[in-house]
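Colleague: Throughout the sequence shown, residue numbering follows our numbering, covering 70 to 460 in sequence.
For every residue, glycine included, the Cβ atom is placed at its ideal position computed from N, Cα and C.
All figures in this text were calculated on a predicted structure; none of them were measured in a lab.
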Amino acid sequence: MNETPRFDAYRHAEALPPLRDDPFDAAVPPIYQTSLFLFESYRELEDVFAGRSKKPIYSRGDNPTVRLLERRIADMEGAEEARAFSSGMAAIAAAVLAFVGPGDRIVTVRHVYSDAFRFFEKVLKRFGILVDYVDGTDTEAMLAALPGARLAYLENPTSMVFELQDLKAIGEAARRHGVVTIVDNSWATPLYQNPLDVGIDLVIHAASKYLGGQSDTVAGLVAGSKAHIDRINGEIYPYTGAKLAPFEAWLVLRNLETLPLRLRHHHEAGLAVASWLQAHEDVTDIMHPAFYDHPGKATFRGFGGLFSFAVSDRIDVAAFVDALRLVRIGVSWGGPESLVVPAKAALSISPETNVFARFGVSDRTIRLNVGLHETESVIADLAQALLAAKR
Ligand SMILES: *Cc1c(COP(=O)(O)O)cnc(C)c1O
70 MNETPRFDAY
80 RHAEALPPLR
90 DDPFDAAVPP
100 IYQTSLFLFE
110 SYRELEDVFA
120 GRSKKPIYSR
130 GDNPTVRLLE
140 RRIADMEGAE
150 EARAFSSGMA
160 AIAAAVLAFV
170 GPGDRIVTVR
180 HVYSDAFRFF
190 EKVLKRFGIL
200 VDYVDGTDTE
210 AMLAALPGAR
220 LAYLENPTSM
230 VFELQDLKAI
240 GEAARRHGVV
250 TIVDNSWATP
260 LYQNPLDVGI
270 DLVIHAASKY
280 LGGQSDTVAG
290 LVAGSKAHID
300 RINGEIYPYT
310 GAKLAPFEAW
320 LVLRNLETLP
330 LRLRHHHEAG
340 LAVASWLQAH
350 EDVTDIMHPA
360 FYDHPGKATF
370 RGFGGLFSFA
380 VSDRIDVAAF
390 VDALRLVRIG
400 VSWGGPESLV
410 VPAKAALSIS
420 PETNVFARFG
430 VSDRTIRLNV
440 GLHETESVIA
450 DLAQALLAAK
460 R
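(1) In the DSSP assignment, what are the bridge partners of Tyr222?
(2) When you compare the CB positions of Thr368 and Leu320, do they come within less than 8 Å of one another, or not?
(3) From the DSSP output, in three-state form, read off Gly310 for me.
(4) Which parts of the segment 356-422 are runs of the beta strand (DSSP E), unbroken and 3 residues or longer, counting only runs that do not cross its ends?
(5) Whose CA, out of Arg179, Val169, Ala210, lies closest to the CA of Val192?
(6) Once DSSP output is grouped into helix, strand and coil, what is the label at Gly293?
(7) Which residue wins for smallest C-alpha separation from Arg333, given the options Gly371, His357, Thr206?
(8) Quick check on the DSSP output: the beta strand (DSSP E) that includes Ile142 runs from which residue to which?
(9) Comparing C-alpha positions only, which one of Pro125, Asp184, Tyr111, Val248 sits nearest to Gln102?
(10) Output yes or no for whether 8 Å exceeds the beta carbon distance between Gly404 and Gly282.
(11) Based on Cα-Cα distance, which residue from Trp256, Phe376, Val430, Ser431 lies nearest to Gly157?
(12) Going by the beta-carbon positions, is the gap between Phe316 and Ile448 smaller than 8 Å?
(13) Do you know how far the Cα of Met211 is from the Cα of Val181?
(14) Look at Val430 and Val230 and say whether their C-beta atoms are less than 8 Å apart.
(15) In the DSSP assignment, what residue or residues form a beta bridge with Ile435?
(16) Are the segment 393-412 and the segment 151-167 touching by the rule of at least three beta carbon pairs closer than 8 Å?
(17) Any idea if Gly197 is buried or exposed, counting beta-carbon neighbours within 10 angstroms, 16 or more meaning buried?
(18) Would Gly365 pass as a contact of Leu236 if the rule is Cβ separation under 8 Å?
(19) Between His363, Thr444, Arg436, Pro420, which has its C-alpha nearest Val380's C-alpha?
(20) Is Pro358 near Pro264, with beta carbons less than 8 Å apart?
(21) Could you tell me the alpha carbon to alpha carbon distance between Thr352 and Val135, rounded to whole angstroms?
(22) Put Asn71 into one of helix, strand or coil per three-state DSSP.
(23) Hey, would you say the C-beta of Ala275 is under 7 Å away from at least one heavy atom of ligand 1?
(24) Would you say Ser284 touches ligand 1, meaning its beta carbon is less than 7 Å from a heavy atom?
(25) Could you check the C-alpha separation between Ala288 and Ala151 for me, to the nearest Å?
(26) In whole angstroms, what is the alpha-carbon distance linking Arg244 and Val272?
(27) Taking 7 Å as the cut-off, is the beta-carbon of Met158 closer than that to any non-hydrogen atom of ligand 1?
(28) Ordered along the chain, which non-local residues of its own chain (more than five positions away) have a Cβ less than 6 Å from that of Arg433?
(29) Is it buried or exposed for Thr250, if we count other Cβ within 10 angstroms and need 16 for buried?
(30) Round the Cβ separation of Ser401 and Lys278 to the nearest angstrom and send it over; I've been treating them as touching at under 8 Å.
(31) Measure from the alpha carbon of Ala338 to the alpha carbon of each residue in Ala426, Leu290, Leu375, then state which is nearest.
(32) So, helix, strand or coil for His349, using DSSP?
(33) Could you tell me the boundaries of the beta strand (DSSP E) in which Ile161 lies?
(34) Where DSSP assigns a beta bridge to His274, which residues make up the other side?
(35) Judging by CA-CA distance, which residue of Ala318, Ile239, Arg112, Pro329 is the nearest neighbour of Pro133?
(36) Measuring only the C-alpha atoms, how far is Glu113 from Tyr127?
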């Protein structure tokens, strides 16, 4: 497996403009914990305002620590530019709102991330934007929905059931029809999938997950061409004010250093646990991209350790979850903890904006985040809990 040529590329000095200026050659970037930057003269201030020279002005716009993270993610995705946000949702909202207006139509996939779904249903619809949910695995249906749409919002794989989309086919068709394409790439990270390489316009990262990797930070990023990021910067980013704090950016920068090692473990342990589950007599389905036969697999160089499985009627879902010891109950993913989310509990959330109820996730479905635990420990815990929960 090709680990990632790009991850090393970001270490080149050119990618790190703020560090080149560090007077002490610090190995770890400083945290520029400042809201404002000072100017020597009227002339310097005017030059920066007029765009004749570049310098941070105020940290709701640019901050050097945050810029470093933005440059690194841009380089890892093969993008010209990136912008960081205070959360993955802030990144999603800004990327979408920069390109749509009343009367526009968005094409998205069923089983899209639950709060992206709520953003579409509760916010966009209120402003007269139409949202089409399509079975993303059906490339013909996706292509048929594109003409006349303003934007296509994808997630490869989707949340909870990990459905795939053929990013290359959709990206190419979208370009022909003038449709802006966005892919949520949180699951694969820039190490294992680079959607821009196959014609996608913008990539989203919930850095709260694998990029942050320690369950200690909420952060988001958007990466793409300079023209697309300029539009996000010009139309929305400074005005919603959802900027990333320098300390949070520093945490993500720090944890990026271990991303290749962590992801290799998530990839291998995830596949091993999924294979073990597949062979279990009380497991009826594995929802993991590696287990699907679909062209949407072609863009992955590796897999995340987050996937779902379904249990038979013989297993009491609540008893199974309660019997787990090493594996904990929790909604996020991408950190060291191994976690489960039973769809049955999520199905109790109010039905009108419940993505699981809307697109039919079975209450037998359990999402599993294989964290940084040893594979055998996770399997042993799942085995004893399945046994304990048998009716
Ligand atoms: C968590 C998540 C998000 C949202 O990120 P936040 O930082 O929690 O706002 C977006 N997409 C996916 C796939 C996620 O799992």
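Modeller: Considering the structure as presented:
(1) Thr177, Ile251
(2) no
(3) coil
(4) 375-380, 408-411
(5) It is Val169 whose Cα lies nearest to the Cα of Val192.
(6) strand
(7) Gly371
(8) Ile142 -> not in any beta strand (DSSP E); alpha helix (DSSP H) instead, spanning 133-146.
(9) Its Cα nearest to that of Gln102, the residue Pro125 stands out among Pro125, Asp184, Tyr111, Val248.
(10) yes
(11) Trp256
(12) Contact annotation: Phe316 and Ile448 have beta-carbon atoms that are not nearer than 8 Å.
(13) 14 Å
(14) yes
(15) Bridge partners of Ile435: Phe378, Pro411.
(16) Because the criterion of three Cβ pairs below 8 Å is not met, the segment 393-412 and the segment 151-167 do not touch.
(17) exposed
(18) Yes, the Cβ-Cβ distance between Gly365 and Leu236 is below 8 Å.
(19) Arg436
(20) no
(21) Checking the sequence, you will find Val at residue 352 rather than Thr. Spanning the two alpha carbons is a distance of roughly 44 Å.
(22) Reliability of the predicted coordinates at Asn71 is poor, the pLDDT of 45 falling under 50, and the value obtained from them is presented with this limitation in mind. Asn71 falls in the coil class under three-state DSSP.
(23) yes
(24) Ser284 Cβ: outside cutoff for every heavy atom of ligand 1.
(25) 13 Å
(26) Approximately 15 Å, taken between the alpha carbons.
(27) yes
(28) Excluding sequence neighbours, Arg433 sits near Ala379, Val380.
(29) buried
(30) So it is a contact: roughly 7 Å between Cβ atoms.
(31) Leu375
(32) coil
(33) Run containing Ile161: none in the beta strand (DSSP E); it sits in the alpha helix (DSSP H), 157-166.
(34) Leu290
(35) Sorting Ala318, Ile239, Arg112, Pro329 by C-alpha distance to the C-alpha of Pro133 places Ala318 at the top.
(36) Rounded to whole angstroms, Glu113 to Tyr127 spans 15 Å at the Cα level.
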